[in-house]
Structure formats: C-alpha cells, structure tokens
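Read through the structure below, which is laid out as structure tokens, and then see the notes.
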Amino acid sequence: MRDAFVTALTEIARADKNVMLLTGDLGFGVLTEFAREFPKQYLNVGVAEQNMTGLATGMALEGKTAFTYSICNFPTFRCLEQIRNDVCYHNADVKIVSIGGGFCYGPLGMTHHATEDLAIMRAIPNLTVVAPGDTVETILATRAIYEHKGPCFLRLGRGGEPKVYDQAPEFVLGKGINVVSGGEVSILSIGGILSNVMCTHEILKNKGVGTSVFSMHTLRPIDRRFIESLAEESRLIVTVEEHSIYGGLGGAVAEILAEMHGERAPLLRVGLDGDFCCEVGDQEYLRGLYGLDPEAIADRVMQSIS
Amino acid sequence: MQQETFVGMFKTGSQFMDTEKLALSIRKHAVIMTHLGKSSHIGSILSIADIVAVLYGKILRKRPQELDWPDRDRFILSKGHAGAGLYAALAETGYFPTDWLQGHCANGSKLCGHVSHIGIPGVELSTGSLGHGLSVGAGMAYAFRHDDKAHRVFVLMSDGECDEGSNWEAILFAGHHKLSNLIAIVDYNKIQSLAPVKETLGLEPFVEKWRAFGWNVKEVDGHNHVELSVCLNVISADGDSPVCVIAHTVKGKGISFMEDSVLWHYRTPQGKEFDAAMAELEGR
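Protein chains in written order, with numbering that gives the first Met the number 0: chain R, 0 to 305; chain V, 0 to 283.
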C-alpha cells in the first residue's frame, strides 16, 4: 500500500507544485525517488512529529497541500493535539498518512501496533478518516483525499497486501464499496483486512452461507443511511477491522444501530478486544492469535447465525 | 444585575502610530476585559502590551481592511492565554469595533479567553495550548521561502511556554533551515503560572541555548518602545538565520501592585483592585 500511495502522490505532485510531502525521518527506500524528483516538495523534518504537524499546518494555511508521513502511531498519537488544534480547528489542507495500520509491524512490538488510531482520529472534528482495503483502493483514496480540501487521515498497510480488485471500483469518500453483493449476511470491512474478509466470504459460501462484502474505507464521515438500510435488509451485520472493536468501525456501526427504531439485524463486531497485544509475531501470526484470519472470522459468523 | 459597560472610553478604530498610547489602550482594555470576563492572565497580558503595541503600531506590514492581503506579515500569539492583549490591539488598529471587547469571555460572545480565529478578523492562528505557535510559524516561513516571498512571520511566546518540548523541535528545525523570515519574540518576564521560572524549570543560559540552535539572538527591554522598534525594524527576510528577540519584561507591567507577582497570573481584577488598577492607568 505504501508504494501505491507514493505512486499516486508522485503523479499528484508532478501536476501540483503546491503539494508538499513531510516525513518524520521514515520511509527508507520508499520515498527516495520522490525526494529526488521533487526536492522542493519533499522535506524530512527529522524525528519530530509535533513540529511536522505544526509545519504542515503553517504551510497549508499559506496555500500548500501538506502530506505528513510516518508509521504506526507516530503521525497521529505523538502529535494528537497539533492535529486537533492546529490542523483540524483551522480546517487546514493537511493529509496525515500513517503506514502500518494494525499489526503490519507486528514483530516490532506494542509501540508499533496501530490498533486504536481509527477510534481516536474518528473523534476529531473536521477530520476525514480513510483506510483503504487494498492497493487499488489506496491509489483511489490518495487522489480522493488530495481533491478533498481539508484535513484527512489516511491509514495504510505496509506492503505486500493482496490485490482485491481486478478493475478499479468507483471510489467516493464517505461511500462504501460493494465488493460482493447478494448475501444475507453483510460484512463491513475497513482497511487491509479486506483480503481476509474476501477469503471468509468464500469459506462461508462453501458452507452455504451467502455474504455481501463492503469495503467501508471512510470511517468519518460514515455512511449512516447506507448502514441503516443494510441493517434493515440483512440477517446479520458483521464489522471486521484490524483494530480495537471500541470506537473504530465496530463502534461506529454500533452507534448507528443502537439508535435505530424498528426491526434491524443483530451486530457482530470482529476485531481486537481492547487489550494490549504483548505477543511477538508477524502480521499473519497476530491476526491468527486474535481471530482475524479468514477461518476464525467465518467461525464467528457461523456462531452468530446458528 | 446591571452589566457594567465602558463604551466610549476609547477611540474606535483609530490608527495609532503613537505606540505608547496604543500600549496604554491595550492595558486599559485588558484590565476591563478581564474584569468583565472574570478571567485570568492579566499579568501575562500587561507583560506583552508594549511588544504588541510596537508590532501593530509600527512593525507589521498589514492592511486591516484587506484581511487576505497576501503580502502581509504574519503574527502568531503563541501564548494564547494573553489573547485579550491581541484582541485589544486588533480592535484599536481597525480590524473590528472596540465594543466587541466588552464581550470577552461572555456567553454568546466571539472572544474567548484564549485566541481563536473563528469570527475574529486579523487572527492568523488560534492558540491556547502552549508550544504550538512556533511550529506553525515555521511552516508559514518555509512556505514563503518556497514561493520566494519576502514577508515575515512573528511569533510571540512566553518564557514558561519554553518548557514545552515541541518548541525545541521547531527551534532546531528553523535553525537548521536558516529560516531568516521567522522571528520568535520571547516575553521573558521570569514568572510562570505557579512560581518563578528559575524555580520551576530554569531556562538559563537562555540566550546561549537559542544561539546554539543556530538563531540570531537579540536582547531588548520589552517595555522600551525605542529599543523594540529599532530591534524589530531592522529584521528582513533575507538574513542567514532565524531571529530570536528575548524581551526582558515585567509581569503585570504598568500596575504597581500587579508587577512581578505570581498572584496576578490567575487573579482577576475585581472590586477595589479593579478601581485601583484603572486609576493607575488613567493617572488618577
């Protein structure tokens, strides 16, 4: 996903000299070409995320579109107040990009697990929160947040994610993508876990359970009406995220369903249970430990409908 | 209870070039605003009244009737708790009517205790949490240099604010990138909210710290308008390093019983203390 992001940003930067990329001294080997082609639009600010976010705000207030780039929780939690007060209160055209959502940097330990970022960023006014499902969505999301004038948070995976789409889908901020339709169970996915959800879809199909799969790439603003209509039509709503079930996609959907009147589908939230992960292992291993592999997700769905 | 008003005490929207008069007006407004709003920080506001008066009266290139004039100098009050001082300066130099000031901290007013740009003409940046202004100012300065523009960015900070680590990230950055169009002014009154600076987190050797980070440091008497004017006037955007003006000031300056006192960081002027403060400022 990070390469897809840089590819998309390169095209954008070529056409718009007011696009600036600020990195907090991360992106080894990934940003090299960008830095070479756009020396006036690239800035390594050093290991200083608070300053990076303030700088980006100042640049944006003077007509730039400033992307801040780092990994895990560094461009978000480390400078959270700069995001809230400087970027978002001023509606500055700053795009916060985090590489390594969820357990992408699993073996590196707890500090590198981005597992509450969606929840916290979703709470900040004026901030559009986007987590694309694969590399194809990443390119589309990068263009979309550039075209959207105002603060955005782009939460990406790292690299090597399976491609879900053969053809580019229609991508509109705030609207989920219907990847597979026709099932009685609706699975809403956010971020790079989408490929696992697609496998879950196949597993359940073989068990005779039809599922529709939606990539809910935009967590804020959330497509409330769409989720309500889905809850009226479906047998079960499932949210899947490589993130805490509190405050992220599961939390957002729960808020919407809790305020519905009349008949609606029950909700199953699949994600992390809100504790720190103290285990050591790669992304696939940790996904397995926490019930985010395709089989475990399918088992949870089967339990819920039986 | 009838609300106190002080309409008519000041000239509205006049362009003061006499910075001493402007500073006095800022002080009077600030005492009334904190009195009416029952708000804190009068000591911090009085401390910067002369610096703000010199900036708005003489130094800043600005057009109050053309807020988006691109070539204006930018001013950021990073010590946002002294917002009443900035609001008073903006009102007195024509950005909005001075009678707005009466609503400081009042229900339904535009003027909150810490600086907000929402609905307030002339405010470049909302502040209030310390340690934000210098980074944003550095970003503006970087953008101007990127675009070959010559205007300057002034950031007024407090001494206590220099406890915030984020400032030192910005100080390191601006020095490294030689952002000569960035001017940090430190209101060095040597008292922070609970105690003197030297008893809280000592900043000395303060000048040497800034110099070590690559800044051109100047020291001035922050209440001497001639010194301030001379110092700030010669700063151009094409030097070879950012400029730090360490302004030695007295917290609560201008009202004898507030001067150099920790108490008046938070105490609000009410009753006889308010009357006495106004009497001093009016020379009664």
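The C-beta atom is built at its ideal place from N, Cα and C for all residues, glycine as well.
Distance check between residue 110 (chain R) and each of R:292, R:282, R:277 places R:277 closest, using alpha-carbon atoms only. Taking C-beta atoms under 8 angstroms as the contact rule, residue 216 (chain R) and residue 131 (chain R) qualify, at a distance of about 5 angstroms. Proximity to residue 169 (chain V) across V:186, V:189, V:269, V:141 peaks at V:141, based on C-alpha coordinates. The C-beta of residue 255 (chain V) has fewer than 16 other C-beta atoms within 10 Å across all chains shown, which makes the residue exposed. For the stretch 129–161 of chain V, the residues whose beta carbon sits under 9 angstroms from a beta carbon of chain R are, in order, 130, 131, 132, 133, 134, 135, 136, 137, 138, 139, 140, 141, 142, 143, 145, 146, 148, 152. When V:208, V:229, V:271, V:25 are compared, the shortest CA-CA separation from residue 97 (chain V) is found for V:25.
Distance from residue 249 (chain V) to residue 188 (chain V) at the Cβ level is roughly 6 angstroms; contact confirmed, criterion being Cβ atoms closer than 8 angstroms. Residue 31 (chain R) and residue 151 (chain R) have their C-alpha atoms some 24 angstroms from each other. Shown here, residue 106 (chain R) sits in a helix according to DSSP, grouped into three states. Using a Cβ-Cβ cut-off of 9 angstroms, residue 74 (chain V) does not count as an interface residue toward chain R, since no Cβ of chain R sits closer than that to its own. Excluding sequence positions up to five before and after residue 158 (chain R), its CB lies within less than 8 angstroms of the CB of 0, 1, 2, all in the same chain and listed in chain order.
A direct Cα-to-Cα measurement between residue 125 (chain V) and residue 213 (chain R) gives close to 39 angstroms. Within the stretch 76–108 of chain R, those residues whose Cβ lies closer than 8 angstroms to any Cβ of chain V are, in chain order, 80, 81, 84, 85, 88, 89.
Annotation: Cβ neighbours of residue 168 (chain V) in chain R (cutoff 7 angstroms, chain order): 47, 49, 50. Taken in chain order, the whole beta strand (DSSP E) runs of length 3 or more contained in the stretch 110–169 of chain R are 127–129, 151–155.
Straight through space, the alpha carbons of residue 133 (chain R) and residue 156 (chain R) are spaced by roughly 8 angstroms.
In the displayed model, residue 247 (chain V) falls within a strand according to three-state DSSP. For residue 71 (chain V), the secondary structure class from DSSP, reduced to helix, strand or coil, is coil.
Among the residues of the stretch 58–69 of chain R, those with a Cβ less than 9 angstroms away from any Cβ of chain V are 58, 59, 60, 61, 62, 63, 65, in the order of the chain. Counting every other CB atom within 10 Å of its CB across the protein chains shown gives residue 19 (chain R) a total of 16 or more, marking it as buried.
Excluding the 5 residues flanking it on each side, residue 300 (chain R) has same chain C-beta neighbours closer than 8 angstroms at 184, 186, 199, 203, 208, 210, 235, 237, 267, in chain order. Within chain V, 145 have C-beta atoms less than 8 angstroms from the C-beta of residue 39 (chain R), given in sequence order. By DSSP's assignment, residue 86 (chain V) forms no beta bridge with any residue. Under the Cβ distance rule, residue 19 (chain R) counts among the residues neighbouring chain V, one pair being separated by less than 9 angstroms.
When R:22, R:113, R:47 are compared, the shortest CA-CA separation from residue 285 (chain R) is found for R:113.
In this structure, DSSP gives residue 217 (chain R) an extended state, which the three-state scheme calls strand. Between the alpha carbons of residue 266 (chain V) and residue 41 (chain V) lies a distance of about 8 angstroms. For residue 94 (chain R), the enclosing beta strand (DSSP E) covers residues 93–98. Taking a Cβ-Cβ cut-off of 8 angstroms, residue 179 (chain V) has no neighbours in chain R, whose nearest Cβ is about 16 angstroms from it. Residue V:219 holds the alpha-carbon nearest to the alpha-carbon of residue 230 (chain V) among V:117, V:219, V:99. In the three-state reduction of the DSSP assignment, residue 147 (chain V) falls in the coil class, being assigned neither a helical nor a strand state. Two segments are said to touch when three or more pairs of C-beta atoms, one from each, lie closer than 8 angstroms; by this definition the stretch 65–74 of chain V does not touch the stretch 29–40 of chain V.
Boundaries of the beta strand (DSSP E) around residue 243 (chain R): 235–243.
Residue environment analysis places residue 32 (chain V) among the buried positions, since at least 16 neighbouring C-beta atoms fall within 10 angstroms of its C-beta. For residue 125 (chain V), the chain R residues whose C-beta falls within less than 8 angstroms of its own C-beta are 84, 88, 89, listed in chain order. For residue 186 (chain R), the enclosing beta strand (DSSP E) has its first and last residue at 184–189.
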